[in-house]
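Novice: Sharing a structure, written as structure tokens. Questions coming.
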Amino acid sequence: MTALLPEGLDPLALRDACPCDECRHPVSGQRLFETTAIVPEARIAHVTVDTDVVAVDWADGHHSVFRREHAADGRPARTLWDASFAPVQVGYDDAVASPDALRRLLRAVAEYGFAVVTGAPREDGTVARVAELFGHVRETNYGRIFDVRVSVDPANLAFTSLPLSLHTDNPYRDPPPSLQLLHCLESDVDGGDTILADGFRAVSELQACAPEQVALLAGQPIRFAYRDETAELVTEAPVVELDTRGLPRAIRLNNRSKGVPTGSTALVHAWYEAYFAFVAVLEEGEITFRLDPGDVVLFDNLRVLHGRTGFESGGSRRLQGCYADRDALLSTLAVLERA
Ligand code: OGA
Ligand code: ZN
Ligand code: ZN
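Spelled out as structure tokens, the structure:
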């Protein structure tokens with residue numbers, strides 16, 4: 050069994066990472082010892098460092114061999130995109146029948162944050178079948194599958210013919226669903242086009258010209274809330290969530306459900322300036338395209354913002370949507386890419 054060689058060759062990390070059969074279960078590769086019991090006492094007696102192998106003799110007689118592995122992890126890198134980007138498309142029948150076509154679809158979602166499946170059956174429930182190509186549907190208060198159509202008594206502006214500005218769905222959930230799928234069943238209206246924008250590109254552009262504005266959006270939690278007859282969902286979270294390296298992890302942005310920041314007048318004012326700047330950068334990089342009946346757009350709800358243009362309420366337009374989990378998609382992708 051091999052293990053990633055810990056950076057810096059720290060003795061504690063080295064002992065903790067020992068890949069030998071005594072330390073790791075031979076089938077699952079899972080650690081057999083308790084880190085807190087073994088690692089604090091670890092003392093190196095001798096180390097041999099070669100190009101590909103590092104061998105350690107420990108003071109207590111244990112012996113570890115590490116093979117250097119260069120790829121940090123198997124996850125595809127993100128490629129940021131702007132208004133000139135053309136969506137990756139994969140045919141539904143191909144994605145169902147061919148592991149390589151499915152791999153291309155999932156890789157596009159991992160890398161660009163979205164992709165379009167074309168030519169899916171125009172049948173209720175197809176959207177869940179697409180999610181089940183790589184994972185499970187994440188059910189929410191909107192149901193396992195939800196219909197996006199004009200309704201008489203809408204609990205959500207999504208169920209009107211009004212335009213929807215760029216947003217992420219369900220920012221009032223903790224955690225929000227990380228993937229969203231929208232399947233076009235009917236689209237016999239003028240308008241109702243789909244708009245997408247890369248939220249991570251917008252963070253990176255704002256970071257380059259106004260890092261203090263990204264810091265404000267990341268540092269100030271906002272209340273997001275939704276209520277209807279059967280749900281009352283509230284969460285406090287920043288518009289931009291950064292990871293420990295300062296890279297974007299998640300965007301929560303939704304004009305319909307966002308509250309207002311609290312704090313001193315100066316802080317709140319600066320937050321709004323940052324918010325306006327962020328939305329402007331997002332909109333500069335947006336793409337607009339039409340979902341035809343049979344198209345399914347599959348996107349990372351924590352990275353890619355979506356919206357739609359308004360439409361005449363006369364014709365018929367119906368989408369079905371569902372949510373799923375990004376980690377499941379990345380896992381299926383990694384398995385498909387093992388070869
Ligand atoms: C939604 C939504 C987009 C559309 O229901 O959350 O964004 O094209 N719909 O109707
Ligand atoms: Zn060991
Ligand atoms: Zn939405």
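All residue numbers for the sequence shown refer to our numbering, where the first residue is 50 and numbers rise by one.
From the three backbone atoms N, C-alpha and C, an ideal C-beta is built for every residue, glycine too.
(1) Verify whether the separation of the beta carbon atoms of residue 265 and residue 246 is less than 8 Å.
(2) Starting from residue 371 and walking both ways along the beta strand (DSSP E), at which residues does that stretch end?
(3) Would you call residue 23 buried or exposed, if buried means 16 or more other Cβ atoms sit within 10 Å of its Cβ?
(4) Taking 7 Å as the cut-off, is the beta-carbon of residue 90 closer than that to any non-hydrogen atom of ligand 2?
(5) Name the DSSP beta bridge partners of residue 95, please?
(6) Touch check for the region 342-353 and the region 164-177: three-plus C-beta pairs under 8 Å?
(7) Suppose contacts are defined by Cβ-Cβ distances below 8 Å. Is residue 212 in contact with residue 338 by that definition?
(8) Could you tell me whether the region 312-331 touches the region 367-381, where touching means 3 or more Cβ pairs closer than 8 Å?
(9) Hey, would you say the C-beta of residue 61 is under 7 Å away from at least one heavy atom of ligand 1?
(10) Would you kindly check if the distance between the Cβ of residue 365 and the Cβ of residue 210 is under 8 Å?
(11) Residue range of the alpha helix (DSSP H) that residue 161 falls in?
(12) Quick check: the Cα distance between residue 168 and residue 145, rounded to an integer number of angstroms?
(13) Please identify the residue among 272, 276 and 240 whose C-alpha is closest to the C-alpha of residue 284.
(14) Should residue 355 be listed as close to ligand 1, given that the test is whether its C-beta is under 7 Å from any heavy atom?
(15) Return the chain-ordered list of same chain residues with a C-beta closer than 7 Å to the C-beta of residue 387, the five sequence neighbours on each side being excluded.
(16) Which residues in the same chain as residue 304 place their Cβ atom closer than 7 Å to its Cβ, once the five residues preceding and following it in sequence are excluded?
(17) By how many angstroms is the C-alpha of residue 233 removed from the C-alpha of residue 243?
(18) Indicate, with yes or no, if ligand 2 has a heavy atom lying under 7 Å from the CB of residue 77.
(19) Going by DSSP in three states, residue 272 sits in which element: helix, strand or coil?
(20) For ligand 1, any of its heavy atoms closer than 7 Å to the Cβ of residue 207?
(21) Would you call the region 352-361 in contact with the region 168-180, where contact means no fewer than 3 C-beta pairs closer than 8 Å?
(22) Taking the beta carbon of residue 372 as the centre, do at least 16 other beta carbons fall within 10 Å, making it buried, or is it exposed?
(23) Quick one: what's got a C-beta closer than 8 Å to residue 107's C-beta in the same chain, skipping five residues either side?
(24) Compare the Cα-Cα distances from residue 142 to each of 278, 126 and 179 and report the closest residue.
(25) Under 8 Å by Cβ, that's how I've got residue 238 and residue 360 pegged, so tell me the actual separation to the nearest angstrom.
(26) Extract the residue ranges of the beta strand (DSSP E) inside the region 250-328, only unbroken runs of 3 or more that lie entirely within it.
(27) Beta strand (DSSP E) containing residue 357: first to last residue?
Specialist: This is what the structure gives:
(1) In this structure, residue 265 keeps its C-beta atom at 8 Å or more from the C-beta atom of residue 246.
(2) Boundaries of the beta strand (DSSP E) harbouring residue 371: 365-373, taken from the DSSP string.
(3) Residue 23 is absent from the model: the chain starts at 50 and stops at 388.
(4) Checking the Cβ of residue 90 against ligand 2 gives no.
(5) 106
(6) Judged by pairs of C-beta atoms under 8 Å, the region 342-353 touches the region 164-177, as three or more such pairs exist.
(7) no
(8) Contact between the region 312-331 and the region 367-381 is absent, with fewer than three C-beta pairs closer than 8 Å.
(9) Not so, every heavy atom of ligand 1 lies at least 7 Å from the Cβ.
(10) no
(11) Looking at the DSSP string, the run of the alpha helix (DSSP H) that includes residue 161 is 148-161.
(12) 12 Å
(13) 272
(14) yes
(15) none
(16) Excluding positions up to five away in sequence, the list reads 214 and 216.
(17) Using only the alpha carbons, I get a separation of about 11 Å.
(18) False, no ligand heavy atom lies under 7 Å from that Cβ.
(19) strand
(20) yes
(21) no
(22) Residue 372 comes out buried.
(23) 64, 91, 92, 93, 94 and 113
(24) 179
(25) 4 Å
(26) 271-276, 281-286, 289-291 and 297-300
(27) 353-357
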